[in-house]
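Here the structure comes first, spelled out in C-alpha cells, and everything after it is commentary.
Number of protein chains: 2
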Amino acid sequence: MTDNLQIKMDDFLPLRDVVFNTLRQAILTGDLKPGERLMEIHLADKLGVSRTPIREAIRKLELEGLVIMIPRRGAEVAQITEKSMNDVLEVRQSLDALCVELACDRITEEELENLKRACVGFELAVKTKDTKKIAQADVALHDIILKATGNDRLISLVNNLAEQMYRYRFEYIKDATQHDMLVEEHRQIYESIVKKDRDAASKAAWTHIENQKKAIIHQIRLDQENK
Amino acid sequence: MTDNLQIKMDDFLPLRDVVFNTLRQAILTGDLKPGERLMEIHLADKLGVSRTPIREAIRKLELEGLVIMIPRRGAEVAQITEKSMNDVLEVRQSLDALCVELACDRITEEELENLKRACVGFELAVKTKDTKKIAQADVALHDIILKATGNDRLISLVNNLAEQMYRYRFEYIKDATQHDMLVEEHRQIYESIVKKDRDAASKAAWTHIENQKKAIIHQIRLDQENK
DNA sequence: GAAGTGTTTTTTGTATACACGATATATATA
DNA sequence: TATATATATCGTGTATACAAAAAACACTTC
Chain A
144 MTDNLQIKMD DFLPLRDVVF NTLRQAILTG DLKPGERLME IHLADKLGVS RTPIREAIRK
204 LELEGLVIMI PRRGAEVAQI TEKSMNDVLE VRQSLDALCV ELACDRITEE ELENLKRACV
264 GFELAVKTKD TKKIAQADVA LHDIILKATG NDRLISLVNN LAEQMYRYRF EYIKDATQHD
324 MLVEEHRQIY ESIVKKDRDA ASKAAWTHIE NQKKAIIHQI RLDQENK
Chain B
144 MTDNLQIKMD DFLPLRDVVF NTLRQAILTG DLKPGERLME IHLADKLGVS RTPIREAIRK
204 LELEGLVIMI PRRGAEVAQI TEKSMNDVLE VRQSLDALCV ELACDRITEE ELENLKRACV
264 GFELAVKTKD TKKIAQADVA LHDIILKATG NDRLISLVNN LAEQMYRYRF EYIKDATQHD
324 MLVEEHRQIY ESIVKKDRDA ASKAAWTHIE NQKKAIIHQI RLDQENK
C-alpha cells in the first residue's frame, strides 16, 4: 500500500460500510495491490476506527471475492489472473446480452429517449478525448440499459462484475484507436433496442464485451511481462 | 423462528463461517421466515457463541441478499416476492444456457462419461419416486455440467442463484407429473453436449429453467393466497 | 380519551480485552 | 556451522464492555 487511504466520512452510514467502500475502492483502483495483506490493527489505526468495523468490512469483501482469507493469517487482496478475468468476462458477456434482450421488451419511451441522448453524449465525449468524460458517458449509457431491464438482481450482478474490471476498463478507454468502434457498437445496440430486435441487440452486446475481453486480456499479458 | 437452530460444530472452520452456514441454511429451508428479525444476542445465546461471529456472519448474508439491514434496527430475513424470484430465474436462465454452451466446448471425455452415468442415475432415481434421491441425482448431474464449464466465477454464481430457490425446488421435484419431462429435458441437454451443439444445448437448458420458472411462480402464487 | 412528553428497556454500533495459534528470533547443543 | 528447542512477538479469533439510538411504556395534561 503506497499511501494515504483516507476515509471519507459519511455520518449516516455505519462505519463498517464506510470502511467497506473505502477498502473496496482501494482494491479496485489498485491502491491495495494483489497479494497485499490486510492487517486489521494496521487498517484500524490508519482509518481511525476500531477493529470491529474493519473485520465486518472484510467479511463482505471476502464474499465478493476481492480478498481471500487464509485461516489464522487473515485477509489478503485476491490475485487477478488472466483466467479469473476471463471467467468474469465470460459471465458478463452472457449477462450483458440478457440485459439488452430484456431492455428490448421492457424499455419505456422515456428511457429510450434518454438512451438516445446518452448515445449522442458518448459520441460528444469521445470527441473531447477526455478519458474521464468518456468513461462517465459510457457508464451513464450502460446504466440506462441496466435500469430498463427492470431486473434488480441482474442490475446488481452486472454492476458487481463491471467493477471487477475497473482497473482495466480505464486502460481500455484510454486507447483512442478503439473510440470509433465503441461509438459504432453503442449505436448498434441502441438501434437494435429501438427496433425491439432481441437477437441483434444480444449479438451487438456480445461483440461489445468480446472486444473489451480481447483488450483487457491483452493488457493483463502486458502487465504480466513487465513484472 | 420455530425451532432449535442447532449449530453444527466443525473444529476447523472459524465460528463465523459455522454461524454463516447455519443461518444461511435456516433461511433457505424456511426455518427462519421472511421478515423475521435476526437479533444478535438472541442468536448468540441460541448458538452458544458471542455476538462477534454472529455479526460477521450477518455481514455476509447481507451481501448475499438473504437478509436486509435496517439501520440501527439490525437484520431481518429478506422477503421473497414473485418479482425477486422471477429476477433470479431470469438470470439463471441466461447463466445456465452459458453453462451448457461452455460445457460443449470444454467437457472432457471422462466428464462426458460421468454425465451419461448421471443421466441414467437420474432416471433410476425418478423411478424410485423418492424425492430426496431425485433431488440428489439432479444436483449431481448439474454439478458435472457446472464443473465442465471450467469457469469458477460462473460456478459460484450459479450455485448461489440455485440456492436461492432451494425452498421451491423441493416442491417442484415432489410434483411427480413433472418427472418424465425432467428426464426428457436432461436427455436433450446431454445429447446436445455430446454433439457439441451449442445452440441446441443452450435452448434445452433455457427450456429446462423456463419450466422450473413456471412451476415456482405458480407455487409462490399458491403460497400468497394461503396467507 | 387523545396527544404529547419523559423515562425505561432493548438492541445495535463501536471499542477493547484476552486467549491462542503462527511465525520469527535467539539460544543451546551436536 | 547446522539443527533443534525455547521464547518472544505479532495478529487473528472470540468475548465482553460501553455508548447511543430506537422502541416501548407510563404518565401527565388538555
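Line order of the protein sequences matches chains A and B.
Residue numbers for the first sequence follow this note's numbering, so the first one is 144 and each next one is one higher.
Residue numbers for the second sequence follow this note's numbering, so the first one is 144 and each next one is one higher.
Backbone N, C-alpha and C fix where the C-beta goes; we use that ideal spot for every residue, glycine too.
For glutamate 225 of chain A, the number of other beta carbons within 10 angstroms of its own is below 16, and it is reported as exposed. Shortest Cα-Cα distance from lysine 356 of chain A to any of A/Glu368, A/Leu166 and A/Met228 involves A/Met228.
Contact note: asparagine 164 of chain B does not reach chain A at a C-beta cutoff of 8 Å; the least C-beta distance is about 13 Å. When secondary structure is reduced to three states using DSSP, isoleucine 213 of chain A falls in the strand class. Chain A has a Cβ within less than 9 Å of the Cβ of asparagine 294 of chain B. If you draw a straight line from the Cα of aspartate 323 of chain A to the Cα of aspartate 342 of chain A, it comes to about 23 Å. B/Arg167 is the residue among B/Arg159, B/Ala291 and B/Arg167 whose C-alpha sits nearest the C-alpha of valine 220 of chain B. Rounded to the nearest angstrom, the gap between the Cα atoms of phenylalanine 265 of chain B and leucine 284 of chain B is 8 Å. For the region 228-239 of chain B, the set of residues with a beta-carbon nearer than 9 Å to any beta-carbon of chain A comprises Asn229, Asp230, Val231, Glu233, Val234, Gln236, Ser237 and Leu238, in chain order. Residue-level contact by beta carbon fails for alanine 305 of chain B and chain A, as no gap is shorter than 9 Å. Taking 9 Å as the cut-off, the Cβ atoms of asparagine 257 of chain A and isoleucine 287 of chain A count as close. Out of A/Tyr333, A/Asn354 and A/Arg215, the CA that lies nearest to the CA of glutamate 244 of chain A is found in A/Tyr333. Residue ranges of uninterrupted beta strand (DSSP E) with 3 or more members are absent from the region 226-274 of chain A; none lies entirely inside it.
Neighbours of lysine 357 of chain A across chain B, judged by C-beta separation under 7 Å, do not exist; the nearest C-beta is about 18 Å away. With respect to the C-alpha of glutamate 205 of chain A, the residue from A/Leu186, A/Arg235 and A/Phe163 having the closest C-alpha is A/Phe163. Between valine 301 of chain B and arginine 235 of chain B, the gap from beta carbon to beta carbon is short of 9 Å. The continuous alpha helix (DSSP H) containing leucine 325 of chain B extends over residues 322-337. Arginine 215 of chain A and leucine 158 of chain A have their C-alpha atoms spaced approximately 24 Å apart. A straight line joining the alpha-carbon of lysine 189 of chain A with that of arginine 296 of chain A spans about 35 Å.
At a cut-off of 9 Å between beta-carbon atoms, threonine 195 of chain A makes contact with chain B.
Per DSSP, the unbroken alpha helix (DSSP H) holding phenylalanine 313 of chain A starts and ends at 309-317. Bounds of the alpha helix (DSSP H) holding leucine 166 of chain B are 158-171. When rounded, the separation of the alpha-carbon atoms in arginine 180 of chain B and leucine 175 of chain A is 36 Å.
Residues Lys276, Ile277 and Ala280 of the same chain have their beta carbon placed closer than 6 Å to that of alanine 268 of chain A, with the five preceding and five following residues left out of the count. Interface criterion met: the Cβ of arginine 198 of chain B is under 9 Å from a Cβ in chain A. Closest in C-alpha terms to glutamine 307 of chain B, from the list B/His185, B/Thr172 and B/Phe155, comes B/Thr172. Taking the Cα positions, leucine 238 of chain B is about 11 Å away from serine 299 of chain B. Per DSSP, isoleucine 201 of chain A is one residue of the alpha helix (DSSP H) stretching across 194-207.
When 9 Å is used as the limit between beta carbons, lysine 203 of chain A is near these residues of chain B: Arg202, Lys203, Glu205 and Leu206, in chain order. One finds Val234 and Leu300 in chain A with Cβ atoms closer than 8 Å to the Cβ of leucine 300 of chain B, taken in chain order. Phenylalanine 265 of chain B has a beta carbon lying at 9 Å or more from every beta carbon in chain A. Under the Cβ distance rule, proline 177 of chain A does not count among the residues neighbouring chain B, no pair being separated by less than 9 Å. Taking C-alpha positions only, methionine 212 of chain B is separated from serine 345 of chain A by approximately 35 Å. Linking glutamate 252 of chain A to alanine 187 of chain B through their CA atoms gives a straight-line distance of about 52 Å. Scanning chain A for C-beta atoms nearer than 8 Å to the C-beta of leucine 297 of chain B yields Asp230, Glu233 and Val234, reported in chain order. Of all alpha-carbon atoms in A/His329, A/Ile336, A/Lys272 and A/Ile352, the one lying nearest the alpha-carbon of threonine 320 of chain A is that of A/Lys272.
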